[in-house]
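In my numbering, the protein residues as written are 591 to 802.
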């Protein structure tokens, strides 16, 4: 078989392949349907905070429904038509509100249980975790502020701060004392939630990371 004939046959195969492929190019895959709430009695939903890349990526919210084994991504952005911000650090649910702590953007985004944005709490340095310590009152630990922020959950404003002298991270409330980790200081601090005063501390092993 001559080289010219081989080339012609190859071109025919390519042409037929291209024609077969064209219809599939025209059919656009439909956009996924966002179903925020499954009303079945066996619904078991898990929220997932995707941090994103520090400095330039955006954090996103995913919802996993364990009963149907389905996951929906970018829920917040789909509903609110805006990005959460940079570094989605943590999620807290208090009553009928979600509190999305956005670390590198220095803010907390408050939504209802359908993930519709209600308000932003601004003025943080680098917030980490939000804990309700009394009805209508929360503490927010911080990476760079060297203090814990006091937040009024009714007005969604920062009303004060508790100096710690170092980075604070995870915490737990026990008998009126908020205990929080101070990883860089290798310590645990105890704060009286009535007076917002640092009342206790003790040394731990290197870099205490969690507390329950």
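For every residue, glycine included, the Cβ atom is placed at its ideal position computed from N, Cα and C.
Since the model is a prediction, treat every value here as computed from it, not as a measurement.
So residue 666 and residue 684 are in contact, right, with Cβ under 8 Å, and what is the actual spacing, rounded?
By one-based count along the chain shown, residue 666 stands at place 76. By one-based count along the chain shown, residue 684 stands at place 94. With a Cβ gap of about 17 Å, residue 666 and residue 684 do not count as contacting.
Kindly confirm or deny that the segment 663-677 and the segment 720-739 touch, where touching means at least three C-beta pairs closer than 8 Å.
no
Would DSSP call residue 719 helix, strand or coil?
Along the chain shown, one-based indexing puts residue 719 at 129. In the structure shown, residue 719 sits in a strand (DSSP, three-state: E or B).
Less than 8 Å between C-beta atoms, sequence neighbours within five positions excluded: which residues of the same chain meet that for residue 789?
Along the chain shown, read from residue 1 onward, the residue named residue 789 stands at position 199. Only 767, 780, 781, 782 meet the Cβ criterion.
Roughly how many angstroms lie between the CA atoms of residue 713 and residue 668, to the nearest whole one?
Within the chain shown, residue 713 is the residue found at index 123, counting from 1. Within the chain shown, residue 668 is the residue found at index 78, counting from 1. Their backbone Cα atoms lie some 26 Å apart in a straight line.
Express the C-alpha separation of residue 770 and residue 791 in angstroms, rounding to a whole number.
Residue numbering aside, residue 791 sits at position 201 when the chain shown is read from its first letter. Residue numbering aside, residue 770 sits at position 180 when the chain shown is read from its first letter. One C-alpha to the other measures close to 9 Å.
For residue 689, does the count of other Cβ atoms within 10 angstroms reach 16, so buried, or fall short, so exposed?
Counted from its first residue, the chain shown places residue 689 at position 99. Classification for residue 689: buried.
On the CB-based measure, 16 or more other CB atoms within 10 Å of its CB, does residue 617 come out buried or exposed?
Along the chain shown, read from residue 1 onward, the residue named residue 617 stands at position 27. Interpretation of residue 617 is limited by its pLDDT of 44, a score under 50 that renders its predicted location unreliable; the figure taken from the coordinates is listed afterwards. Its Cβ having fewer than 16 others within 10 Å, residue 617 is exposed.
Which of helix, strand or coil does DSSP assign to residue 725?
Walking along the chain shown from the start, residue 725 turns up at place 135. Coil, per DSSP.
Residue nearest to residue 642 in terms of C-alpha spacing, selected from 653, 765, 694, 660
Position 52 of the chain shown, counted from the start, is the residue given in the question as residue 642. The shortest C-alpha separation from residue 642 is found at 694.
Could you name the residues of the same chain whose beta carbon sits closer than 6 Å to that of residue 772, not counting the 5 residues immediately before and after it, in chain order?
In the chain shown, the residue the question calls residue 772 occupies position 182. Here the set comprises 756, 758, 779.
Could you pull the DSSP bridge partners for residue 772 from this structure?
Taking the chain shown and counting its residues from 1, one reaches residue 772 at position 182. In the DSSP output, where bridge partners are listed per residue, residue 772 has 777.
Which value, in whole angstroms, describes the spacing of the CA atoms of residue 682 and residue 796?
To locate residue 682, count along the chain shown from 1; it is residue 92. To locate residue 796, count along the chain shown from 1; it is residue 206. Their Cα atoms are separated by approximately 27 Å.
Could you have a look at residue 731 and say whether DSSP puts it in helix, strand or coil?
Against the chain shown, residue 731 aligns to sequence position 141. Strand at residue 731.
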